[in-house]
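Number of protein chains: 2
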Amino acid sequence: MDERGGWAELRARRMGEPGARETYQAARLAFELGRSVRELRQRRGWSQEELARAAGMTQSAVARFEAGGTVPTLPVLERLAEALDADLDMRVIPRPAA
Amino acid sequence: MDERGGWAELRARRMGEPGARETYQAARLAFELGRSVRELRQRRGWSQEELARAAGMTQSAVARFEAGGTVPTLPVLERLAEALDADLDMRVIPRPAA
DNA sequence: ACCGAATATAGCGTCAACGCTATGACGTGG
DNA sequence: CCACGTCATAGCGTTGACGCTATATTCGGT
Numbered sequence: 379m380d381e382r383g384g385w386a387e388l389r390a391r392r393m394g395e396p397g398a399r400e401t402y403q404a405a406r407l408a409f410e411l412g413r414s415v416r417e418l419r420q421r422r423g424w425s426q427e428e429l430a431r432a433a434g435m436t437q438s439a440v441a442r443f444e445a446g447g448t449v450p451t452l453p454v455l456e457r458l459a460e461a462l463d464a465d466l467d468m469r470v471i472p473r474p475a476a
Numbered sequence: 379m380d381e382r383g384g385w386a387e388l389r390a391r392r393m394g395e396p397g398a399r400e401t402y403q404a405a406r407l408a409f410e411l412g413r414s415v416r417e418l419r420q421r422r423g424w425s426q427e428e429l430a431r432a433a434g435m436t437q438s439a440v441a442r443f444e445a446g447g448t449v450p451t452l453p454v455l456e457r458l459a460e461a462l463d464a465d466l467d468m469r470v471i472p473r474p475a476a
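Chains P and E are the protein sequences, given in the same order.
Sequential numbering of the first sequence, starting at 379, is according to the working numbering.
Sequential numbering of the second sequence, starting at 379, is according to the working numbering.
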């Protein structure tokens, strides 16, 4: 029954929980951010540990983040972006009033 | 000596602390996000309390956020954006390799 | 000056992200 | 098969965002 535990499981459960639509969105965002960071890292040929060092954290933290295990905070995102020579762009964009 | 305390003070101190450049950036981001949210809210003619209700929180929470008193988390940002009929856009943009 | 609405602060309990160390799982080259 | 590098998990203490209630401050209107 897919009882492997771990972050993937955790994430999946969060996304599935009803009534947590916003949390769902946040988890989704976290996941996508994780993916793009991983991509940038690999493009540089860096190991998680190298990135971790550059961003001032440990390999496990990077792994957790890339896997979408937790919803990251802005400071962490900022540090990762910085380490990857990237900019963290965030904005609240009003939807076109129908 | 401007010893009024409060979030503005807190924020200013954070931005000023040396060695915390990432935290500085995060605080800056938080501040700007707060401003844009406030703008959207006012454009709608909403009070903090109205927005708070729509976003599932209290007036004080909205005030704290708009003032940049704390670095907000993704779920909170998501809920605020949702309440304001807006989308939260985030991406890690690699700087053009010089 | 008074009143009521809107906003800013304060103080506090709770909970999840963060950061760490250690270890497991996986793969590859010797 | 074994050593090694990389990534995934686990467990745990610390810290700060979050959410609340209550109160202070500000401001416009009468």
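Quick reminder that beta carbons are idealized off the backbone N, C-alpha and C, glycines included.
From the options, residue whose alpha carbon lies closest to that of residue i
i	options	result
residue 404 of chain P	P:472, P:384, P:389, P:431	P:389
residue 409 of chain E	E:433, E:384, E:419, E:448	E:448
residue 452 of chain P	E:424, E:428, E:386, E:469	E:469
residue 426 of chain E	E:434, E:411, E:414, E:440	E:440
residue 323 of chain E	E:467, E:454, E:442	Not covered by the structure: residue 323 of chain E. The range shown for chain E is 379 to 476.
Inter-residue CB distance, residue i and residue j (contact presumed, cutoff 8 angstroms)
i	j	result
residue 464 of chain E	residue 406 of chain P	Not really, about 16 angstroms apart at Cβ, beyond 8 angstroms.
residue 437 of chain P	residue 445 of chain P	About 12 angstroms separates the two Cβ atoms, so there is no contact after all.
heavy atom of the ligand SAH below 7 angstroms from residue i C-beta
i	result
residue 420 of chain P	The ligand SAH is not among the ligands present in this structure, which contains no ligands whatsoever.
Residue i versus residue j - alpha carbon distance
i	j	result
residue 471 of chain E	residue 422 of chain P	14 angstroms
residue 381 of chain E	residue 391 of chain E	Residue confidence for residue 381 of chain E is low, a pLDDT of 47 falling below 50, so the modelled location carries little weight and cannot support an answer.
residue 379 of chain P	residue 385 of chain P	The predicted model places residue 379 of chain P with a pLDDT of 44, which falls under 50 and marks its position as unreliable, so this point remains unresolved.
residue 432 of chain E	residue 424 of chain E	10 angstroms
residue 466 of chain P	residue 435 of chain E	27 angstroms
residue 450 of chain P	residue 414 of chain P	14 angstroms
residue 428 of chain P	residue 454 of chain P	16 angstroms
Proximal residues of chain P, C-beta to C-beta of residue i below 7 angstroms
i	result
residue 440 of chain E	Simply none; closest approach about 14 angstroms.
residue 411 of chain E	468, 470
residue 459 of chain E	470
Proximal residues of chain P, C-beta to C-beta of residue i below 9 angstroms
i	result
residue 444 of chain E	Correct list: empty, because the minimum Cβ distance to chain P is about 12 angstroms.
Proximal residues of chain E, C-beta to C-beta of residue i below 7 angstroms
i	result
residue 403 of chain P	456
Practice task
Check whether the region 412-421 of chain E touches the region 452-470 of chain E, taking contact to mean three or more Cβ pairs, one atom from each stretch, closer than 8 angstroms.
Solution key: Taking 8 angstroms as the limit for Cβ pairs, the verdict is that the region 452-470 of chain E does touch the region 412-421 of chain E.
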